[in-house]
Each structure stands twice: as structure tokens, then as C-alpha cells.
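Chemist: Numbering (UniProt numbering), first residue to last: 1 to 170. Ideal Cβ positions, reconstructed from N, Cα and C, are used throughout, including at glycine. Input: one structure, supplied below.
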Amino acid sequence: MTDDVLRSLAPSRNLTDDEAYMANAAASRPGITREEVTDYFNKVGELYEEYANPQRYRGPVIAAQTMAEFFPENRHSKLILDVAAGTGFVGEELYKLGFKKLHCLDPSHKMLEAARRKNVYMKEFCCCVGHDRLPIEDDTYDCAVSCGGFCNAHIPTDGLHELARIVKPG
Ligand SMILES: C[S@@+](CC[C@H](N)C(=O)[O-])C[C@H]1O[C@@H](n2cnc3c(N)ncnc32)[C@H](O)[C@@H]1O
């Protein structure tokens, strides 16, 4: 399945919306395991941006705008964790809106590599939410944000407890 997706994602090829949707759906198809999800994103890497480009996929823009509404002032001083950051679409949007203290987290080293090239994150964590304790102290972040992270075999709802632990109360 991943190989079919990779073949369809030749760089600069104009995907139809249906092809893009199929590529995206392959990462959360019924029965996929957590390991297969990470393997999928390690293979797809920055080709992810061929199908989930900002013209088609508005989630990151909407997530960043929502964050901006929560933090109308002093955005530059707020420490934010982008969870399931992927190639860094959300971080890019947050940065444009004035959030400058950004960390990212994702289990796929290939996605993190692409995210690093965006030059908007100060720190990265290659880990999986919801399975192990994150290597992050309690009450570290002003906020954690995730876009496209709560899909089948991605972050389980239980993972919210761990995210609540690392975000400051209030
Ligand atoms: C659909 S992409 C979303 C990427 C990015 N947030 C965006 O909106 O473009 C899903 C991402 O979730 C990551 N992911 C999957 N399971 C995860 C988990 N348990 N904890 C954290 N990230 C996870 C994948 O590696 C992948 O990069």
C-alpha cells in the first residue's frame, strides 16, 4: 500500500483531490498498526507536502489561527509544543503569527527532518504520544497543539492525559 502511494507521489506531479485523499487515507486505514504508521511517514517524508499542500489542506492554518485567538498577546514568549508535527506546517503558520518558542514532536524521523528545514522549531522530540511517558517535565508548555494527529493508530485518546501532564495548568 505504501509503495502504491509513493509511486503516485512523484514530486511536482499534480494530484487530483481523489488521489490526494487516497494517499492521506492510506496512513490511517483500518487495521494499520502504530509501527506501520511510522513506517508510512518515514517512507513518505516530505512527499507528504505533495498531497497535503496548503491549497488543499487547511487544517494547519485553522489550528494556528485558533491558537492566535487563545493568545492575543505576548505570543513570542509562549512555549508551544506542536504534537504530531509532521513536516512542520503548523509550526510555519504559528511562526508567521508571532509564536517564536516552538518545539515539535513526531515519531517519524523523516517527517522531523523535513520539519527541521523549516527553521521554526527550537527543539524536537522523536517520540510517540500515548504509549510511553514523554521525556518532558510536568507543566513545561503554555500550550500543546496537534493537527492531523488524532487519526486511527496515531495518537490514542489516552494520550491526552500525557499532553495534559506536560502543559501548565490553567
Ligand atoms: C497527517 S500527519 C499531520 C502532520 C502535521 N501536523 C500537519 O498537519 O501537516 C500525522 C502525523 O502524526 C504523526 N504521528 C502518528 N502517530 C503519532 C503519535 N502516537 N504521537 C505523535 N505523533 C504521531 C505521524 O508521524 C505524522 O507525522
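By a C-beta neighbour count over all protein chains shown, 10 Å radius and 16 as the cutoff for buried, is C147 buried or exposed?
Modeler: Counting from 1 along the sequence shown, the entry for residue 147 is found at position 147. Buried: at least 16 other Cβ atoms inside 10 Å.
Chemist: Report all residues from its chain with a CB closer than 6 Å to the CB of P60; omit the five preceding and five following residues, and keep chain order.
Modeler: Position 60 of the sequence shown, counting from 1, holds the residue named residue 60. Only F89, V90, E93 and C147 meet the Cβ criterion.
Chemist: Just checking my contact of I80 with L102 at CB under 8 Å: how many whole Å lie between their CB atoms?
Modeler: To locate residue 80, count along the sequence shown from 1; it is residue 80. To locate residue 102, count along the sequence shown from 1; it is residue 102. The Cβ separation is near 5 Å, so the contact holds.
Chemist: Would you say V83 and V129 are within 7 Å of each other, going by their C-beta atoms?
Modeler: Here residue 83 refers to the residue found at position 83 of the sequence shown. Here residue 129 refers to the residue found at position 129 of the sequence shown. Yes. Within cutoff.
Chemist: Are A20 and Y51 close, meaning C-beta to C-beta below 7 Å?
Modeler: In the sequence shown, the residue the question calls residue 20 occupies position 20. In the sequence shown, the residue the question calls residue 51 occupies position 51. Closer than 7 Å, so yes.
Chemist: In the DSSP assignment, the alpha helix (DSSP H) including D82 goes from what residue to what residue?
Modeler: Start at 1 with the first residue of the sequence shown, and residue 82 comes out as number 82. Careful: D82 lies outside any alpha helix (DSSP H), inside the beta strand (DSSP E) at L79 to V83.
Chemist: With which residues is L105 paired in a DSSP beta bridge?
Modeler: Taking the sequence shown and counting its residues from 1, the one referred to as residue 105 is at position 105. For L105, which the question treats as bridged, DSSP gives the partners V83 and F125.
Chemist: Taking contact to mean 3 or more Cβ pairs, one atom from each stretch, closer than 8 Å, check whether the region 34-42 and the region 57-74 are in contact.
Modeler: No, because fewer than three Cβ pairs between the region 34-42 and the region 57-74 fall closer than 8 Å, the two stretches do not touch.
Chemist: Between the alpha carbons of S77 and T140, how many angstroms are there, rounded?
Modeler: Here residue 77 is taken as the residue at index 77 of the sequence shown, counted from 1. Here residue 140 is taken as the residue at index 140 of the sequence shown, counted from 1. Roughly 13 Å between the two C-alpha positions.
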